[in-house]
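**Student:** Numbering-wise, the sequence shown is residues 1 to 57 according to our numbering. Backbone N, C-alpha and C fix where the C-beta goes; we use that ideal spot for every residue, glycine too. Predicted model, so just to flag it, every value in this text is computed and none were measured.
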Amino acid sequence: SRMLGDDGLADVLSTCTGLTAGAVASRILRAVERFAAEPASDDMAILAMRVPEPPLV
């Protein structure tokens, strides 16, 4: 079976600047669904976290 791969994921993530973690997860899920030749036959989990910028000192 085909996989989106690191490069495909990097392409998706490059369009996610400024989005919430939930919106990033949704965008990744849509990209995977578009890429797949057929619907997923197993569970899928996506973890997206917001990492706050360090405070300016």
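Any chance you could list the alpha helix (DSSP H) runs of at least 4 consecutive residues sitting entirely within the region 13-43, in chain order?
**Tutor:** Runs of the alpha helix (DSSP H) inside the region 13-43: 21-35.
**Student:** What separation, rounded to the nearest whole angstrom, lies between the Cα atoms of residue 39 and residue 12?
**Tutor:** Approximately 19 Å, taken between the alpha carbons.
**Student:** Give the single residue among 21, 15, 35 whose Cα lies nearest to the Cα of residue 52.
**Tutor:** It is 21.
**Student:** Spatial neighbours of residue 48 within its chain, please: C-beta separation below 6 Å, excluding the five flanking residues on both sides.
**Tutor:** Result list for residue 48: 21, 24, 25, in chain order.
**Student:** So for residue 48, helix, strand or coil by DSSP?
**Tutor:** Of the three classes helix, strand and coil, the one that applies to residue 48 here is coil, per DSSP.
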